[in-house]
Structures are given as structure tokens and as C-alpha cells.
Amino acid sequence: MIVGVPRETFPGERRVALAPSVIPTLVKAGLEVIVEVGAGIEAGYPDGDYANKGAKLLPQRAEVFRNADIILQVLCYGSNDQTGRADLPLLRRGQALIGFLRPLGDVHTIQEIAATGVTSFAVELMPRITRAQNMDALSSMGTICGYKAVVIAADGLPKIFPMLTTAAGTITPARVFIIGCGVAGLQAIATAKRLGAVVSAYDLRPAVLELVQSLGGRFVELPIEATDAQDAGGYAKAQDESFYQRQRELLGRVVSESDVVITAAVVPGKKSPVLVTRDQVEAMAPGSVVVDLASERGGNCELSRMGEQVVHHGVKVIGTINMASSVPYHASQMYGRNLTNFLLHMVKEGQLVLNLEDEITHNTIVTRDGEIVNPRVREFFNLPAAVVP
Ligand SMILES: NC(=O)c1ccc[n+]([C@@H]2O[C@H](COP(=O)([O-])OP(=O)(O)OC[C@H]3O[C@@H](n4cnc5c(N)ncnc54)[C@H](O)[C@@H]3O)[C@@H](O)[C@H]2O)c1
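Following my numbering, the numbering of the sequence shown begins with 750 at its first residue and continues without gaps.
This is the structure in C-alpha cells:
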């Protein structure tokens, strides 16, 4: 079977679905790899590196789609809502497509993908189980985003992070507050600690308290308890507005005393809760920085604007989107490794074998033979249950 890697087309996207280093592993598994010319350039992987590792380079995007049995992308149509649509006519029945599809985004988009007949897999739906950890692209990208959010905040802050005792006096450490301790939030805690900040963190899932403390952060405990804080998959469950209102009130003091607030509190398939209000931002010292990692899904900060930096009362509110793309070398390396592990899981003797009894395949497959077959996606969009997935 032939695995095809087209160049990413989302504006500003710099990642590529496979780094050259994984190609020998795929070849050993009986797969051929074709790559669109220039696909890895922006990520720091020249064409020659792919050729040296055994891939064939093709100059035309359409040729990659025509020749490949399995297409690997970072942002497929769905998550690429700007230019991804142009790929639809290039997809076909019997072909597989793997990447970020935003499966709980827009039902019409997923229906359009289904209509091509392609067998699509959304990496966002990878189950959070030990067996699938090395295929978990959300964790890989979350790790990169958490790191980069701190670097951006440190760059924007008119202070340094560590405490210094110098001949010119003592510098007090920066206070960094992380809201939402999933993979991204935990990496932000670790990164801010490494830079010397005093770090506090909060999450509605009490289960993360020990993780925060083990990274050297102080867990901010609020005198409220979420009902049914997490689902079976470990994800936070949406709460009612009165809960969020109470959270905002209680978080206000910590926010206003922080130099940096990084928000990463998301709920799958839902608009992100607003946890940092305009009033709280106004109470922060001028020069402070808020980095809102949830801005793509509505934002955790009332003032954040998707993809923009807003300065309000001297406080920078940064709503950068697609942050993982700004660290394309390592993001692609991790993502490519995740996809390779996913492929090796499904490929037997050089052929893609779909075992729908297997939780990993069953959970990630979104469309097949013209239908949306994923039970979670169907339920989310209130579609009647599919006959056989
Ligand atoms: N293979 C594995 O076992 C594995 C791998 C990665 C993640 N996980 C688990 O999957 C789950 C989701 O991780 P993720 O990184 O995708 O998280 P995520 O990006 O879905 O959510 C980010 C964090 O925001 C928090 N949050 C949501 N609403 C909030 C609110 N109102 N106030 C405060 N915090 C709020 C969530 O609890 C979560 O910790 C976690 O339980 C994580 O431990 C498991």
C-alpha cells in the first residue's frame, strides 16, 4: 500500500504529517511512502531528507492523492476550514484519510467528507488509554502548545521569570497561574517552573491535584465542587452557567495577583467556559499577560479574540491559534510518530486491516462507504444510530 503525504495548505500551517525519520519504519512494515515536493520545508525537513530515507517525491498534489491508498495530513478538511475543501474532489472510495478532522465541529463538513466515500480517521478521537498513548496526537500537540504558551508569555512580560539575588538588588519571581490542567496545562506548569516562576494552577477535576503538585505547582482549591467533573474518558464535563459564574468569582483574586495567566480549560465539542472576565483583566497589573489556549473554541477569557493579541488596560491578551504550528519541527516529529504507530497498529502484511472490534480503530473511524459511521459523532449530531459501523 502507498502512504501519501501532501503539503499542508491551511494558511500559516508549517507542520507536515510525517518527518523523514519514520519512513524506514513504514517501509519495513511493507508500505511505500510518497511525499509532495516541498511538504516538509517549512518544518525544517528538506525534500532530500525524505528521498534519503526511502520516500518518493511527487511534484503535483493531485498525483499524491491519486497514487496513495492512505493519505496522511495534519489539518484535513474539517479542521482546515480555509482551504481544505479543495481536497474533497481528490478523495475517493477505498482510500483512507488520517488527520485532524474536527469531528465534533460541523456536521455538514463531515457529511461532505463522507460523501467522497473515503474511509476517514480523526486523530482527535483516539481513546485516552495506555495502549494508544503513543498514537495520541492531541497529547503531542498539547505538550507543544503548553510549552510555547509559556515562552510567548515570558517574551511578552516586561519582567523575567526567576527570582534573582544580585548586587543590584533582589528580583522577585513572576507569578504564573494556569487554568485547566490537561496535557497542555501540565506542560505549561512544568515549563514555567523551569523558567523559575512561582506557579499556581486550577482545574475542576480534583484528580489533577497531585500531578500539579508533583510538577512543583500550587493547586488552587476552590470551595466549590463540580458535579460529575469528568467523563469515562477523563475529559471534563460541561457544567451549568451558575457553576462557571461561581468559578469566575472565586478565581478573580488569584488572576488579579498573577503576572501571567495561561488558560487551557476546554470541554470537548463545547464552547469553552469564560473563566477570566474583563474586570479580572482590569485588576491585573499593567504589563501582565494572558495567553488563552482555548481561544479557538470561544476562549476562556472574555477579552480574547481568536488569532489576535488585544491590549486592554496595559494587559496583553493573546489568542494565538494553531500554536503547535509555530514549533513545526518537533510538532511534526511527534505527530508523524503518532501516525506511524497508528498505522502500524492497523497494517498487517502491508495491508490496512480494519478491525472494528478494536477500540482504537472503532473510536477513530469517522466515515466509510459514504456514511458517518462513528457512534460518538452520530450521537453528538443527533443522527440515528448507523446500522453497522
Ligand atoms: N493515554 C492516556 O491515558 C491519556 C493521555 C492524555 C490525556 N489523558 C487524559 O485525558 C483527559 C483530557 O486531557 P486533555 O489534555 O485532552 O484535556 P482537554 O484539553 O480536553 O482539557 C483541558 C483541561 O481543562 C479542564 N477544564 C475544563 N473545564 C474547566 C473549568 N471550567 N475549570 C477548570 N478546568 C477546566 C479539564 O478538566 C482538562 O484538565 C485528562 O483526564 C487526561 O489526563 C489520558
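Note that CB positions come from ideal geometry on N, CA and C, so glycine has one too.
Contact between the stretch 792 to 800 and the stretch 839 to 853 is not established, with fewer than three Cβ pairs separated by less than 8 Å.
Closest by C-alpha distance to L1042, out of V969, A975, G929, is G929.
Assigned with DSSP and collapsed to three states, R943 falls in helix. Short of 7 Å from the beta carbon of R1046, and not among the five residues preceding or following it, lie these beta carbons of its own chain, in chain order: V1015, K1020, S1021. Judged by beta-carbon spacing, E781 lies within the 8 Å limit of I751, meaning their Cβ atoms are closer than that value. Here the C-alpha atom of E1031 lies approximately 13 Å from the C-alpha atom of S1053.
H1094 carries a helical assignment under DSSP once its states are collapsed to helix, strand and coil. Taking a cut-off of 8 Å for Cβ pairs, the stretch 1106 to 1124 and the stretch 854 to 863 touch, as three or more such pairs fall below it. In chain order, R810, A811, F814, R815 place their CB closer than 8 Å to the CB of L839, counting only its own chain and leaving out the 5 sequence neighbours on each side. The bridge partners DSSP lists for Y826 are N829. In this structure the stretch 756 to 768 lies against the stretch 1066 to 1074, because at least three pairs of beta carbons, one per stretch, are closer than 8 Å. In this structure, Y993 has its CB closer than 7 Å to one or more heavy atoms of ligand 1. Between the stretch 1107 to 1116 and the stretch 904 to 924 there are fewer than three C-beta pairs closer than 8 Å, too few to call the two in contact. The bridge partners DSSP lists for Q882 come to none. Counting along the chain, the unbroken beta strand (DSSP E) around V752 starts and ends at 751 to 754. Short note on Q1029: C-beta not closer than 7 Å to any heavy atom of ligand 1. Counting C-beta pairs closer than 8 Å gives three or more between the stretch 880 to 900 and the stretch 932 to 941, which meets the contact rule. Bridge pairing for F926: S949, V1010 [DSSP].
Scanning its chain for C-beta atoms nearer than 8 Å, with the 5 sequence neighbours on each side dropped, one finds around D980 the residues K986, in chain order.
The beta carbon of S1005 lies closer than 8 Å to those of Q1029, A1032, M1033 in the same chain, with the five residues before and after it left out. P769 is positioned such that its CB atom lies no closer than 8 Å to that of K805. The beta carbon of N1087 lies closer than 6 Å to those of M884, A886, S889 in the same chain, with the five residues before and after it left out.
A Cβ-Cβ distance of about 6 Å is found for the pair A871 and T1113, placing them in contact under the 8 Å criterion. Taking non-hydrogen atoms of ligand 1 into account, the C-beta of R954 is found less than 7 Å away from one of them. Taking C-beta atoms under 8 Å as the contact rule, G895 and L935 qualify, at a distance of about 7 Å. For V1102 and M1095, the gap between their C-alpha atoms comes out near 6 Å. Rounded to whole angstroms, the gap between the alpha carbons of L824 and P773 is 24 Å.
Per the coordinates, the alpha-carbon of L958 lies some 16 Å from the alpha-carbon of A1013. By the beta-carbon neighbour count (other beta carbons within 10 angstroms, threshold 16), I927 is buried. Annotation for I862: the continuous alpha helix (DSSP H) segment containing it runs 856 to 864.
For G891, the CB falls within less than 7 Å of some heavy atom of ligand 1. Residue side-chain check: L887 places its Cβ nearer than 7 Å to a non-hydrogen atom of ligand 1.
Taking non-hydrogen atoms of ligand 1 into account, the C-beta of V925 is found less than 7 Å away from none of them. Taking the C-beta atoms as reference points, G1056 is found nearer than 8 Å to T1069. Residue nearest to R1125 within the set F992, L874, G1048 is L874 (criterion: CA-CA distance). The C-alpha of R880 lies about 11 Å from the C-alpha of N1090.
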